[in-house]
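First residue of the sequence shown: 30, per our numbering; consecutive thereafter.
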Amino acid sequence: VKLVPLELTRQATTLARATGAMTLSLGRVLYRGLLRCGRRIDAQIQRHGTVDVFPETECERLREILPGYKAALALGSRHAVDALIRDAFRDAPSTSDVDTSNDVTKTAARLDNAVAAHALLRRRAALLEGMAADTRSCLTTEGVRVAVRSALVPEMSSPAESSFVFSYTVSITNLLNDEPVQVVSRHWRIQDEEGRVEEVRGTGVVGFQPILEKGAQFEYTSQAPLRRLKGSMGGSFAVVGQTTGRVMDVPVGAFALGPPRRAVADDAETSAETSGDGASDPKKDEKKTTGKGRGRRVDRSARFTKIET
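Set out below in structure tokens:
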């Protein structure tokens, strides 16, 4: 049976509407997922104390799928990303508007952007949630306290070469054990802001296996290189009681590796300077990205001290 042109037109219209309805249904699901991701990112901006939470590779992609993201962050709102998503993806066409293949194509393109934005924001939120926000940590386990503080070492870092060096100072104290305890090995887990992880295991610390009487403290400084400006680090020490032979796993609380922390408002002003075209002034950036900076030198010597009780 031959179909007349009118019947073919009706079939094409029905198919277009069915496809459009499916697309819009998927779009609504994605929109809700995007809002959840946006709220997670907003929470991490406040937690990390900076709006500069996206590495450059993600900034480039965001400029394509969410062109106004820099300006949104520049406003300094606690809900900047959530508001950006609402503005970009809230107004979806109705199924009655999606009648032609051209309408379907436009809707599908918008859907592609929503999928890309959801994948990027979801991954970034998960990474930020798993990274420490404070450059200091302090934990006491099995009567042994481990305190750490970290700092960027500018004179050993080169942004142009994607090389950043951080110093971290560790203080290990036998607070509560009556028997002497010995630090026999270490384990570090180092992660940069793009999710790359490196694990380091070794005997002792900086060439020592210190034995700590009750109230004694051992402090040392070491370094960790990263390919990105931000990261997170944590781990543990294996500690052995010298009288009982008891082996203790003493965790090191996660601490941030990053530049000196600035207020969110200050970062928002910086974002505002680059919100026009997504790029900053090359002349201003030249001083930031060429050569290695100046700063304090790292004291790598180890020290034993006795805490008065």
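Each residue gets a CB set at the ideal place from its N, CA and C atoms; glycine is no exception.
- Task: Closer than 6 Å by C-beta to V226: which residues in its own chain qualify, once you throw out the five before and the five after it? Chain order, please.
- Result: Q220
- Query: Should E222 go down as buried or exposed, given a rule of 16 or more other Cβ atoms within 10 Å for buried?
  - Reply: buried
- Note down the Cα distance separating N4 from M262, rounded to an integer number of angstroms. The question about residue 4 has no answer here: the residues shown for the chain are numbered 30 through 338.
- Message: Considering Cα atoms alone, identify which of G97, I240, R107, V281 is closest to T198.
- Response: V281
- Under 8 Å by Cβ, that's how I've got V173 and T136 pegged, so tell me the actual separation to the nearest angstrom. No, V173 and T136 are not in contact; Cβ-Cβ is about 60 Å, not under 8 Å.
- Query: For S214, which option in R153, M277, A148 has the closest C-alpha, if you only look at C-alpha atoms?
  - Reply: M277
- Quick one: any contact between the region 283–290 and the region 153–167, if contact means 3 or more CB pairs under 8 Å? yes
- Query: Using the C-alpha atoms, what's the distance from P254 back to V144?
  - Reply: 34 Å
- Item | Length of the line joining the Cα atoms of S192 and S186 | 6 Å
- Message: Does any residue of chain C have a CB that is nearer than 9 Å to the CB of R90?
- Response: Among the chains of the structure shown, chain C does not appear; only one protein chain is present.
- Would you kindly check if the distance between the Cβ of P84 and the Cβ of L181 is under 9 Å? no
- Message: Less than 6 Å between C-beta atoms, sequence neighbours within five positions excluded: which residues of the same chain meet that for G270?
- Response: E208, V210
- Taking Cβ positions, are L157 and V82 nearer each other than 9 Å? yes
- Query: How would you call R107, buried or exposed, if buried means at least 16 neighbouring beta carbons within 10 angstroms?
  - Reply: exposed
- Task: Tell me, to the nearest whole angstrom, how far the beta carbon of S251 is from that of V268; I am working on the premise that it is less than 8 Å.
- Result: The Cβ separation is near 18 Å, so there is no contact.
- Locate the alpha helix (DSSP H) running through D81, then write down its first and last residues. Element bounds for D81: n/a, residue is neither H nor E.
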